Amino acid sequence: MSRSPSPLYAAIDLGSNSFHMLVVRVVAGSVQVLAKIKRKVRLASGLDQNFQLDEAAMLRGWECLRLFAERLQDIPSENIRIVGTATLRVAKNVDTFLETAEQILGQPIQVITGEQEAETIYQGVAHTSSGQGNQLVIDIGGASTELIIGQQYDPHILRSLPIGCVLFKERYFADGKLTQTNFDKAIQAAEQALKPLVVDYLAYGWQRCVGASGTVQALQEVLLTQGYDERITLEKLEKMMALAISCGDISQLNIEGLLDERKPVFVSGLAILLAIFRQFKVKQMITSGGALREGLVYEMIGEQRQDDVRQRTLSGLKQQFRVDQPHATRVSEFALSLCQQVSANWQLEDLELHALLASAAQLTELGLLIGYKDAHQHAGYILKHATLPGFSNSQKQLLVTLVSQYQGGYDVEQMDKLAGITSTTTLRLARLLRLAVIFCGRRQDSSLPEITISAEGDKLLLHVSKYWLNSHPLVHSELTQEALLTLEIGGELTLASDEE
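Numbering (UniProt numbering) for the sequence shown: 1 to 500.
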């Protein structure tokens with residue numbers, strides 16, 4: 001009997017700071033993560049002045065790979081990719097390390113160039129993030145930093161620089177002291193490395209800046225823990241530097257939200273990021289859910305390439321949880337039509353808000369597969385714990401909030417906790433979504449009424465024909481109940497019907 005192809009894929013990134021292994025499978029057209037395994041190997045710290053890897057660093061690497069090897073046994077070789085990056089590119093005794101490493105893994109290891117690394121990182125970001133126009137992608141690794149400008153899946157400018165958080169720790173924070181002098185030296189060194197790129201990158205331009213990998217992700221976790229929104233700005237970076245300096249020493253680095261394993265290289269990565277923001281005049285940065293290893297996976301899978309990452313995510317979720325897709329589209333389009341009518345008066349002109357409302361509307365019935373009772377709470381739980389390529393952390397939290405409140409009572413306290421969006425805006429989106437769900441209750445396009453909706457402050461006025469309301473007493477009753485629930489949160493919903 002012939003063996004059916006395995007749906008499992010594995011990507012291993014032998015980085016200068018950490019070794020990572022990602023195991024996935026494709027389910028309903030989407031990539032499902034089965035395992036993420038990471039070990040801090042700090043390979044770059046084992047490079048001496050002659051670019052020789054010391055034995056201790058190699059032993060740490062081999063020990064880690066023995067753990068990875070166990071998981072690779074049942075995955076076909078053609079579904080596995082293993083790459084080495086900056087430290088292995090420059091180590092003169094790299095063959096010594098690779099010979100034993102390949103024996104341990106039973107697989108070949110490719111040491112990729114800086115440009116190949118940058119291109120693969122870009123694919124990992126493109127397949128897990130969503131946005132229009134050019135994007136500047138930044139990835140600060142242990143021994144190199146990649147800077148890419150591209151659009152959708154096409155990178156246009158690719159550069160890899162020999163600056164990284166492990167190398168900069170050894171050079172500028174080796175004594176462990178956190179002083180302004182040490183920071184200034186590290187920032188100035190990074191700026192010198194960046195300067196040859198600045199003119200071309202600024203001339204090309206970008207509409208958004210996306211950060212990937214450890215330094216940026218650690219910083220975002222710190223910001224969210226401390227009550228900031230997820231957007232990284234120069235002001236926040238400078239505050240973080242001042243906070244680090246106040247700690248005095250890396251061993252005493254006590255920053256809320258910063259994991260112990262990240263502390264040794266956090267400040268050096270921060271210094272490089274400060275240099276990037278200053279040199280490239282970055283206004284704000286968001287974080288991607290993917291980078292090098294995700295890029296490796298998507299390169300192997302191949303058929304996952306398409307323009308709309310979010311739509312792929314939404315389609316996969318609807319397929320996995322057997323959502324009635326025509327109905328999901330119906331609710332989404334109806335919610336958008338309501339939103340467009342009140343956008344100006346309710347400050348909802350931002351098309352990104354429209355897109356997020358439409359996404360939430362497509363996912364309202366996600367929880368029905370678990371059960372009808374508390375289906376909205378089931379849906380919220382699923383989204384909260386799901387990986388959602390194409391949506392940032394704050395966007396994901398907004399989806400969770402909207403979907404978990406498409407019926408039942410309003411939870412304003414949950415809305416108050418969202419980062420990056422006001423509770424007023426969230427509440428207004430929720431009210432429109434709930435109305436769309438009510439009006440689409442018969443699940444037939446032919447049953448939908450012509451509606452005119454207007455807003456003034458927290459008041460909504462709905463114009464629906466009297467004939468339609470008389471023909472739909474259940475919907476009329478649900479709208480009356482919604483009006484009462486709206487009063488409880490300080491809003492108002494009024495029905496006005498034409499005489500027919």
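The beta carbon of each residue, even a glycine, is placed where N, CA and C say it ideally should be.
Please read these numbers as outputs of a predicted model, since none were measured by experiment.
Item, Value
"Any C-beta of chain B under 7 Å from that of Leu353", "Here chain B cannot be found, since the structure has a single protein chain."
"Proximity winner among His376, Ala10, Asn254 and Ile104, relative to Ala35 (alpha-carbon distances)", "Ala10"
"Where the alpha helix (DSSP H) containing Val265 begins and where it ends", "Lys263 to Phe280"
"Collapsed DSSP secondary structure at Lys283 in the structure displayed", "coil"
"Test item: CB-CB of Leu47 and Ala69 under 7 Å", "no"
"4-residue-minimum alpha helix (DSSP H) runs that sit fully inside the region 97-160, ordered along the chain", "114-126"
"Where Glu365 falls, given that 16 or more other Cβ within 10 Å makes a residue buried", "buried"
"Outcome for Gly211 when other beta-carbon atoms lying within 10 angstroms are tallied against a minimum of 16", "buried"
"Three-state secondary structure (DSSP) of Ile255", "coil"
"Exposed unless 16 or more other CB atoms sit within 10 angstroms - verdict on Thr401", "buried"
"Residue burial classification, Gly15 (beta-carbon count within 10 angstroms, cutoff 16)", "buried"
"Between the CA atoms of Asp200 and Gly142 - distance to the nearest angstrom", "25 Å"
"Span of the alpha helix (DSSP H), counted from its first residue to its last, around Lys236", "Leu234 to Cys247"
"Endpoints, the beta strand (DSSP E) within which Phe19 is located", "Ser18 to Val27"
"As assigned by DSSP and simplified to three states, the class of residue 526", "It is not possible to answer for residue 526, since the shown part of the chain is limited to 1 through 500."
"Supposed close pair Lys471, Leu461 - CB separation, criterion 8 Å", "In the sequence under discussion, the amino acid at residue 471 is Ser, which differs from the Lys named in the question. The Cβ separation is near 21 Å, so there is no contact."
"Coil, strand or helix - Leu178 by DSSP", "coil"
"Spatial distance of Ile82 from Leu22 (CA atoms)", "10 Å"
"Outcome for Glu117 when other beta-carbon atoms lying within 10 angstroms are tallied against a minimum of 16", "buried"
"Host alpha helix (DSSP H) of Val475 (start-end)", "Pro473 to Glu488"
"Leu348 versus Trp206 - alpha carbon distance", "24 Å"
"Ser392 (DSSP reduced to helix, strand or coil)", "coil"
"Proximal residues to Glu492 (C-beta, below 6 Å), its chain only, five neighbours per side dropped", "Lys459"
"Helix, strand or coil at Thr422 [DSSP, three-state]", "coil"
"Unbroken alpha helix (DSSP H) run spanning Tyr298, endpoints", "Leu292 to Ile301"
"Close Cβ partners of Asn393 (< 6 Å) along its chain, the five nearest in sequence each way excluded", "Glu230"
"Contact check, Leu383 vs Phe321, beta carbons under 7 Å", "no"
"Coarse secondary structure for Glu500, derived from DSSP in three states", "Residue confidence is low: Glu500 scores 44 on pLDDT, short of 50, so the model does not pin down where it sits. No coordinate-derived value is stated."
"Where the alpha helix (DSSP H) containing Thr215 begins and where it ends", "Gly214 to Thr225"
"7 Å Cβ cutoff met for Cys339 and Leu357", "yes"
"At least three beta-carbon pairs within less than 8 Å, the region 427-444 to the region 258-265", "no"
"Where Ala91 falls: helix, strand or coil (DSSP)", "coil"
"Beta-carbon proximity list for Glu500, same chain, < 7 Å, skipping 5 on both sides", "Because the pLDDT of Glu500 is 44, which lies under 50, any placement of that residue in the model is unreliable, and the number read from its coordinates should be weighed accordingly. These residues qualify, in order along the chain: Ser465, Lys466 and Tyr467."
"Neighbour-count burial assignment, Glu482, 16 or more Cβ in a 10 Å radius", "buried"
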